[in-house]
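Novice:
In this note's numbering, the protein residues as written are 4 to 197.
Rendered as structure tokens:
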């Protein structure tokens, strides 16, 4: 629970009584490796804080190609946020890449708590600003104006602990390149450091 408290307070200095009301909503859940937390097309009902483990957040195109938008490792909050806010079918799937332990809470109950508690509302506003406005804007610029090599270096900077936990095709999907291109980039970087 301490990591959850730290994560919440990293966005806003939530008062103790507000934090306890938030914690009362949490339910532990294990999401086994290689299972879906949310399928594309489902309407999300919950939000989760990841205690341990790793999820991918991806879109599957009509031709079957999966495009990973984001990875969610430990200490991140997880949901299909746009679908949750609009109460509509998710454009994305959420998939456990490892056995993942989460603290899950009901989105409607959380919305009610936000309406009653300004600290929780401020936490949510700051969370959305940081993760779904600021970080999203930076990623969009990286995708549009940086080379695949620069994008890979940005991935390593953003997710330093994930490179050894992910398969090459998962990283390539996130970067929007082929696994072969990723191999060439890694080989080039390795030869520069020799």
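No residue lacks a Cβ here, since even glycine has one placed at the ideal position from N, Cα and C.
None of these values were measured; they are calculated from a predicted model.
Which residues does DSSP list as the beta-bridge partners of residue 51?
Specialist: In the DSSP output, where bridge partners are listed per residue, residue 51 has 81 and 107.
Novice: How many angstroms separate the CA atom of residue 100 from the CA atom of residue 38?
Specialist: If you take the alpha carbons of residue 100 and residue 38, they lie about 8 angstroms apart.
Novice: Classify residue 94 as buried or exposed, calling it buried when 16 or more other Cβ atoms lie within 10 Å of its own Cβ.
Specialist: With fewer than 16 other Cβ atoms within 10 Å, it is exposed.
Novice: Give the secondary structure of residue 25 by DSSP, where H, G and I count as helix, E and B as strand, and everything else as coil.
Specialist: Three-state result, residue 25: helix.
Novice: Between the Cα of residue 183 and the Cα atoms of 192, 12 and 172, which residue gives the shortest distance?
Specialist: Ranking the options by Cα distance to residue 183, first place goes to 172.
Novice: Is it buried or exposed for residue 13, if we count other Cβ within 10 angstroms and need 16 for buried?
Specialist: By the 10 Å Cβ count, residue 13 comes out exposed.
Novice: Please classify residue 136 as buried or exposed, where buried requires at least 16 neighbouring CB atoms within 10 angstroms.
Specialist: Residue 136 is exposed by the Cβ-count criterion.
Novice: Note the first and the last residue of the continuous alpha helix (DSSP H) segment covering residue 137.
Specialist: Unbroken run through residue 137: none, as it is neither H nor E.
Novice: Please go through the same chain and pick out, in chain order, the residues whose beta-carbon is closer than 7 angstroms to the beta-carbon of residue 188, but skip the five residues on each side of it.
Specialist: Answer for residue 188: 151, 152 and 155, listed in chain order.
Novice: In three-state terms, what does DSSP make of residue 31?
Specialist: Residue state, collapsed to three classes: strand.
Novice: Considering only their Cβ atoms, is the gap separating residue 108 from residue 28 smaller than 7 angstroms?
Specialist: Going by C-beta atoms, residue 28 is nearer than 7 angstroms to residue 108.
Novice: Over the uninterrupted beta strand (DSSP E) stretch that includes residue 70, give me the two end residues.
Specialist: Counting along the chain, the beta strand (DSSP E) containing residue 70 begins and ends at 69-75.
Novice: Measure the beta-carbon distance from residue 174 to residue 185 and round it to whole angstroms, keeping in mind my assumption that it falls under 8 angstroms.
Specialist: Residue 174 to residue 185, Cβ: 6 angstroms. Contact.
Novice: So residue 97 is in the beta strand (DSSP E); what residue range does that whole segment cover?
Specialist: 96-99 is the extent of the beta strand (DSSP E) around residue 97.
Novice: For residue 87 versus residue 47, is the C-beta spacing smaller than 7 angstroms?
Specialist: Yes, they are a contact pair.
Novice: Per DSSP, which one or two residues make a beta bridge with residue 41?
Specialist: According to DSSP, residue 41 bridges with 97.
Novice: Tell whether a beta-carbon distance below 7 angstroms holds between residue 165 and residue 74.
Specialist: Yes, the Cβ-Cβ distance between residue 165 and residue 74 is below 7 angstroms.
Novice: Name the one or two DSSP bridge partners that residue 183 has.
Specialist: Paired residues: none, contrary to the question.
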